[in-house]
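The opening position of the sequence shown corresponds to residue 3 in the numbering used here, with each subsequent residue numbered one higher. For glycine and all other residues, C-beta sits at the position ideal for the given N, C-alpha and C. Here is the structure we will look at.
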Amino acid sequence: MSDFTARLAALHVHPVKSCAGIAVQEAFVEETGLDLDRAWMVVDRDGEFLSQRELPAMARIVPALKGGEVVLRAPGMLALHLSVDRVEQPLRVRVWDDELPAYDMGPLAAQWMSDCLGRPGLRLARFDTEQRRLSSRRWTGDVEALNAFSDGYPLLVAGQASLDDLNTRLAARGAAPVDMRRFRANLVLEGLDPWAEDNVRELRIATPEGPVVLRLVKPCVRCSIPNVDPDTGTTGHEPGDTLAGFRADARMNGGITFGMNTVIVEGIGRTLRVGQAVEGDYAFD
Numbered sequence: 003m004s005d006f007t008a009r010l011a012a013l014h015v016h017p018v019k020s021c022a023g024i025a026v027q028e029a030f031v032e033e034t035g036l037d038l039d040r041a042w043m044v045v046d047r048d049g050e051f052l053s054q055r056e057l058p059a060m061a062r063i064v065p066a067l068k069g070g071e072v073v074l075r076a077p078g079m080l081a082l083h084l085s086v087d088r089v090e091q092p093l094r095v096r097v098w099d100d101e102l103p104a105y106d107m108g109p110l111a112a113q114w115m116s117d118c119l120g121r122p123g124l125r126l127a128r129f130d131t132e133q134r135r136l137s138s139r140r141w142t143g144d145v146e147a148l149n150a151f152s153d154g155y156p157l158l159v160a161g162q163a164s165l166d167d168l169n170t171r172l173a174a175r176g177a178a179p180v181d182m183r184r185f186r187a188n189l190v191l192e193g194l195d196p197w198a199e200d201n202v203r204e205l206r207i208a209t210p211e212g213p214v215v216l217r218l219v220k221p222c223v224r225c226s227i228p229n230v231d232p233d234t235g236t237t238g239h240e241p242g243d244t245l246a247g248f249r250a251d252a253r254m255n256g257g258i259t260f261g262m263n264t265v266i267v268e269g270i271g272r273t274l275r276v277g278q279a280v281e282g283d284y285a286f287d
């Protein structure tokens, strides 16, 4: 018997790490998470990844899926078309502590990124699907979880009620509401109490091909990215200041958390769709 039932309220894919995401109605489950999620990444001359932490204007690079392409648009720029299955040459990249081979998307993509973000020498890297970039077994236990260019886990799960509660607190402080774009969740659940996802152990999502079983393994510690306005690409103080007042997580040594990093136990090759029924179990320590 399950501890709760919920609904899959939204799905988001972020093709280029730290750029805007795409709300989709369905998404194919790959070993590394949702299909095309964090498949590309902006890097500097040394192959080091860049994000909205250093370049908040990345929030205004908006992708769209079009046939076999991902199309990137940004203010003042012509659209950049990226072929899903075409790369140019090998490129060595670094994402956090992982250094790995990837692919360069070529000089046109490099110039587009450099012009768009106002920093010379940028490159656009494509993840090499033959690489095995693993999540920390300290958190995943017996699950060997593969990643593309995500920060370290295949999926991020958040509750809509948690966002609603945060917005109530923001309103009480006279601050503007925020939406889920700031938190970059892949799966948004409806039907849980606020912050209940903090203590969920497992989710089971019914699909026609069989269940997708997910394990929520680590609270997601937040940096400055939620303070970046996705419409303007500018950085403020909220919702970070409000979250700091009540979201310090002892499991993360007092880190401010929103959402749960998640791994795939079963369901690779199956398709998630908005509206699907979700059931799950809690794991209270």
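Which residues does DSSP pair with residue 34 in a beta bridge? According to DSSP, residue 34 bridges with nothing at all.
Less than 8 angstroms between the CB atoms is what I'm expecting for residue 35 and residue 218, so what's the real figure, rounded? Contact flag wrong, Cβ pair sits at about 14 angstroms.
Extent of the continuous beta strand (DSSP E) to which residue 273 belongs: 273-275
For residue 100: DSSP bridge partner residues: 97
Using a 10 Å radius around the Cβ and a threshold of 16 neighbouring Cβ atoms, would you call residue 232 buried or exposed? buried
State the CB to CB distance for the pair residue 107 and residue 128, rounded to an integer number of angstroms; the pair is presumed to be in contact (CB under 8 angstroms). 6 angstroms
So residue 12 and residue 190 are supposed to be a Cβ contact under 8 angstroms. How far apart are they, rounded? 4 angstroms
Nearest by alpha-carbon distance to residue 91: which of 165, 104, 4 and 278 is it? 104
Residue 206 - DSSP class collapsed to helix/strand/coil: strand
Should the region 30-44 be called in touch with the region 262-282, which here means at least 3 C-beta pairs below 8 angstroms? yes
Mark residue 151 as exposed unless 16 or more other C-beta atoms lie within 10 angstroms of its C-beta, in which case mark it buried. buried
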